[in-house]
Amino acid sequence: AVSYNTLINAFLKEDNVEEAMKLYAEMVESGCKPSATTYCLFMNKYCKQGQIAKAQRLFEDIIDENLAFDAVTYNILIEGLCKAKLWDEASRLLEDMPKKGLTPDIVTYNAFICNLCEEKKVDQAMNLLEEVRSSGLIPDTVTYTALMEGLCKNGEVEEAVRLLEKMRQHGQDPSVVTYNTLLRGLLKTGKVVEAEKLFAEMVDGCYFPDARTYDIMMHGLANAGKSIETYKLLKELQLKKPMQE
RNA sequence: AACCUUAUCGCAAG
261 AVSYNTLINA FLKEDNVEEA MKLYAEMVES GCKPSATTYC LFMNKYCKQG
311 QIAKAQRLFE DIIDENLAFD AVTYNILIEG LCKAKLWDEA SRLLEDMPKK
361 GLTPDIVTYN AFICNLCEEK KVDQAMNLLE EVRSSGLIPD TVTYTALMEG
411 LCKNGEVEEA VRLLEKMRQH GQDPSVVTYN TLLRGLLKTG KVVEAEKLFA
461 EMVDGCYFPD ARTYDIMMHG LANAGKSIET YKLLKELQLK KPMQE
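Letter by letter, the first sequence follows residues 261 to 505 of my numbering.
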């Protein structure tokens with residue numbers, strides 16, 4: 261079953277739903293029972309396509325067929341519901357988890373926080389951060405990065421930079437994505453010097469800037485009229501060949 | 001035990 265799941269997942273990743281469905285059929289035919297994970301793969305795909313109704317149907321199937329589900333099962337649908345701005349539905353599922361013997365984890369909350377940030381509801385997201393803390397869960401790099409992104413989009417870049425300090429104080433290390441998010445926020449608001457400082461700090465900290473980092477930096481520097489710096493960066497890029505995605 | 005879920009992706013500035 262795991263092999264089938266792996267294959268189905270591969271097809272879904274490249275948007276080949278047809279082939280994935282075929283495999284699913286083959287799986288059933290060969291007497292291999294689809295697991296909750298199998299359903300989750302499709303559920304996630306439907307969520308990403310905005311086909312929430314279909315995703316919800318699959319979720320119910322999992323329950324009805326008494327398949328062994330876990331927090332991930334919930335997380336996938338919650339993420340989909342949040343993305344579709346169906347907050348009430350999502351909250352309902354969150355409250356449902358304990359009743360099913362499941363404990364919401366950081367990914368569960370991150371789904372809410374990330375999507376709240378995208379909706380420019382950073383305040384609510386920040387409130388959730390406190391809730392997460394008081395519930396005993398540890399906000400992770402994803403949590404902080406999402407909040408930084410939200411703050412930047414909200415024009416609160418300084419606040420985002422402050423969060424970087426806070427996350428460190430709480431023992432969480434930034435990732436390349438974290439830096440990229442902040443660099444982008446700084447450059448978009450013309451804070452070129454700060455961005456350059458942060459970039460240096462990133463490199464000092466033994467982080468490997470990826471293709472996106474260079475993209476962000478070069479655009480930002482070029483926009484600021486710093487063609488020399490942009491050129492230097494380009495040279496550096498050609499020499500170092502950053503990590504591919 | 002293994003396979004599945006969340007952040008830099010820009011749907012108002014591009």
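For each residue, glycine too, the CB sits at the ideal point set by N, CA and C.
Residue i classed as buried or exposed, judged by whether at least 16 other C-beta atoms fall within 10 angstroms
i: V262; result: exposed
i: A285; result: exposed
i: E409; result: buried
i: A371; result: buried
i: K305; result: buried
i: E456; result: buried
i: F468; result: exposed
i: K451; result: buried
i: I268; result: buried
i: T266; result: exposed
CA nearest to the CA of residue i, picked from the options
i: E391; options: T368, K380, A313 and S290; result: T368
i: D475; options: E378, K360, D464 and E496; result: E496
i: K308; options: V277, R428 and E425; result: V277
i: M303; options: K314, N440 and L389; result: K314
i: E349; options: K413, I312, A270 and V453; result: I312
i: K214; options: K486, K380 and S290; result: Nothing about residue 214 can be reported from this structure: the residues present for the chain run from 261 to 505 only.
i: L362; options: D330, K343, W347 and L446; result: D330
i: T438; options: E279, L458 and L494; result: L458
Opening and closing residue of the alpha helix (DSSP H) in which residue i lies
i: P294; result: Neither: P294 is in no alpha helix (DSSP H) and is coded neither H nor E.
i: P358; result: W347 to K359
i: D321; result: I312 to D324
i: A455; result: V452 to D464
Sequence ranges, alpha helix (DSSP H) only - wholly within the segment 392 to 443, length at least 4: 401 to 413 and 417 to 429
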